[in-house]
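Student: Encoded as structure tokens, here's the structure I'll be asking about.
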DNA sequence: CAACCGACCTGTTCGC
DNA sequence: TGCGAACAGGTCGGTT
């Protein structure tokens, strides 16, 4: 499910539920969910600790613990958290991979059908997130930075924007949307973007992510819950191109196209996103 | 280096 | 209806 806006929404929902709470019980039902340390050590280290801070870095959720360690979660494709209120009959999901009992009686389930999501418990979050690129919604992500950074990359702009070590948090949905809004063809070589295009792209990356957060992220699959409290996002109603091959471009009315790039679907408008830069013919 | 590909997994949808 | 192929919001590691 999650790109930056979805992970941010999850963090915001979990924060008030987890701050100052202790873990009274921790169960790992699918061992490979815990990347490090071992599942047994993970359980041992988490038990009886409390949560001082809930945050996000790129697509990672982070929980700072009173032991000084940090629990990081990457949800990958299908990871989800679900809060089950104290005193209500707990519903079991076939795909629950880990369970946490909090000291207020709340149960926190980690559900992940495809088992791709990973937990990390580390002394310093930098061990896991240190190589990530800048946060697109932070002051360090500036037009100047983007414009300059693009110049040293010969590869396709879409692939580059999906690279978390270049910029942290964009995924397939928001990259497609940002490029469409900026009128930039996804196959363009990054370093061929003009300064004006880089400036525009910077603006669309920020706006598409901000809107995503404002709308509570995108919920693509209609089944089950998505967020810890059982709610869904609304950003999917505002997507112009993602998963819309064959439909009309909201801007010009031409038929949207799908191509495959780095083994992932790319959606774009061949009219609004010409494959050459302005003035090249 | 960059591009490519399989691996990791399960579920849903689409085409014949 | 059934069955296999393609596809899915992500990333890593090994090979050209």
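Numbering (this note's numbering), first residue to last: 635 to 915. Just so it is clear, CB atoms sit at the ideal spot from N, CA and C, and this is done for glycine as well.
Any idea what DSSP makes of residue 751, helix, strand or coil?
Tutor: Coil, per DSSP.
Student: Go through its chain and collect everything with a Cβ distance to residue 781's Cβ below 6 Å, but skip five positions before and after it.
Tutor: These residues qualify, in order along the chain: 829, 832.
Student: Do residue 650 and residue 851 count as a contact pair if the criterion is CB distance below 9 Å?
Tutor: No, they are not a contact pair.
Student: When you compare only the Cα positions, how much space is there between residue 909 and residue 819?
Tutor: Those two C-alpha atoms are separated by around 5 Å.
Student: Answer with buried or exposed for residue 861, where buried requires no fewer than 16 other C-beta atoms within 10 angstroms of its C-beta.
Tutor: Buried, since its Cβ has 16 or more Cβ neighbours within 10 Å.
Student: For the alpha helix (DSSP H) that residue 792 lies in, which residues bound it at each end?
Tutor: It spans 791-796 - the alpha helix (DSSP H) in which residue 792 sits, taken as one unbroken run.
Student: The alpha helix (DSSP H) spanning residue 647 covers which residue range?
Tutor: Segment 638-652, the alpha helix (DSSP H) holding residue 647.
Student: With a Cβ-Cβ cutoff of 9 Å, do residue 698 and residue 688 count as a contact?
Tutor: For residue 698 and residue 688, yes; Cβs fall inside 9 Å.
Student: Name the one or two DSSP bridge partners that residue 861 has.
Tutor: Paired residues: none, contrary to the question.
Student: Of all the options 806, 796, 802, which has the alpha carbon lying nearest to the alpha carbon of residue 692?
Tutor: With distances taken between Cα atoms, residue 692 lies closest to 802.
Student: Excluding the 5 residues flanking residue 680 on each side, which residues of the same chain have their C-beta closer than 6 Å to its C-beta?
Tutor: These residues qualify, in order along the chain: 657, 660.
Student: In angstroms, rounded to a whole number, what distance separates the CA positions of residue 638 and residue 804?
Tutor: Roughly 6 Å between the two C-alpha positions.
Student: Give the straight-line distance between the Cα atoms of residue 763 and residue 753, rounded to the nearest whole angstrom.
Tutor: Taking the straight line joining both Cα atoms gives about 13 Å.
Student: Take the Cβ of residue 765 as the centre, count every other Cβ of all protein chains shown within 10 Å, and call the residue buried at 16 or more, exposed below.
Tutor: Counting Cβ neighbours within 10 Å, residue 765 comes out exposed, since fewer than 16 surround it.
Student: Between the alpha carbons of residue 907 and residue 816, how many angstroms are there, rounded?
Tutor: Cα to Cα, residue 907 sits roughly 8 Å from residue 816.
Student: Residue 654 and residue 684: beta carbons closer than 9 Å?
Tutor: Yes, the pair counts as a contact, with Cβ atoms nearer than the cut-off.
Student: Buried or exposed: where does residue 810 fall if 16 or more other Cβ atoms within 10 Å of its Cβ makes it buried?
Tutor: So residue 810 ends up on the buried side.
Student: Any idea what DSSP makes of residue 718, helix, strand or coil?
Tutor: Residue state, collapsed to three classes: strand.
Student: Flag this pair as touching only if the region 700-709 and the region 778-795 have three or more C-beta atom pairs under 8 Å; answer yes or no.
Tutor: No: fewer than three Cβ pairs fall under 8 Å.
Student: Note down the Cα distance separating residue 690 from residue 905, rounded to an integer number of angstroms.
Tutor: Approximately 37 Å between the Cα atoms of the pair.
Student: Any chance the region 702-722 sits against the region 781-791, with 3 or more Cβ pairs inside 8 Å?
Tutor: In short, these stretches do not touch, since the Cβ pair count stays below three.
Student: I'd like the list of long-range same chain contacts for residue 760, defined as Cβ closer than 6 Å, with 5 residues on each side in sequence excluded.
Tutor: Result list for residue 760: empty, nothing under 6 Å.
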